[in-house]
Amino acid sequence: LAAAARGSGLLAVAPGVERAQLATRRPLVLDPQAIDMVAYVPAALPAVAAAIEGLYGVDFASPRAEDRNRSVVPVATVRAVWERRSAPEWEDAARRFGFADVLAPASWRLALPELARTPAFVLYRAPTP
Numbered sequence: 001l002a003a004a005a006r007g008s009g010l011l012a013v014a015p016g017v018e019r020a021q022l023a024t025r026r027p028l029v030l031d032p033q034a035i036d037m038v039a040y041v042p043a044a045l046p047a048v049a050a051a052i053e054g055l056y057g058v059d060f061a062s063p064r065a066e067d068r069n070r071s072v073v074p075v076a077t078v079r080a081v082w083e084r085r086s087a088p089e090w091e092d093a094a095r096r097f098g099f100a101d102v103l104a105p106a107s108w109r110l111a112l113p114e115l116a117r118t119p120a121f122v123l124y125r126a127p128t129p
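Per the working numbering, the sequence shown runs over residues 1 to 129.
Rendered as structure tokens:
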């Protein structure tokens, strides 16, 4: 997480990476561990729904049965989406949501260049147009 803290710009964080904003001091596209915050900021609903669908690959209005009624973005669903995503698809997502880097568990394999790796996490560089 130290490498992520040295970076700048928005950070896209995989679900299951807890306290990423606190540890990195970087703004997040969305905290996937706290999507229930939208109940306190209803005006954020369109942006939250767009990120959940466009970045995390989860149908916000009609999630899979096992992903419903949770306050977090589902780890298994997102892992499958992120590991299938191609470099051009990552570039499109980075352009759409404005993130510079991606932080994911070390066991995930994304089609992005690695900036840093620890036993727990990998920091990837998002492609730029």
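Idealized CB from N, CA, C, for every residue including glycine.
- Non-local C-beta neighbours of Gly16 in its own chain, meaning closer than 7 Å and more than five positions away in sequence, comprise Val75, Pro105, ordered along the chain.
- For the alpha helix (DSSP H) assignment, the uninterrupted runs of no fewer than 4 residues enclosed by the region 9-91 are, from N- to C-terminal side, 20-24, 45-54, 75-84.
- Along the length of the region 88-124, whole beta strand (DSSP E) runs at least 3 residues long occupy 99-105, 114-117, reported in chain order.
- Counting C-beta pairs closer than 8 Å gives three or more between the region 111-126 and the region 85-99, which meets the contact rule.
- In this structure, the straight-line span from the alpha carbon of Leu28 to that of Glu66 is close to 25 Å.
- Assignment of Ala126 by DSSP, reduced to helix, strand and coil, places it in the coil class.
- Close CB contacts of Ala50 within its chain, under the 6 Å cut and outside five residues either way in sequence, are absent.
- Leu30 and Thr77 have their C-alpha atoms spaced approximately 16 Å apart.
- If the five residues before and after Val73 are omitted, its C-beta is found closer than 7 Å to the C-beta atoms of Pro15, Pro32, Ile35, Ile52, Tyr56, Val58, all from its own chain and listed in chain order.
- The criterion of a C-beta distance shorter than 8 Å is satisfied by Leu103 and Ala4.
- In terms of CA proximity to Ala12, Arg95 leads the group Arg95, Pro119, Thr118.
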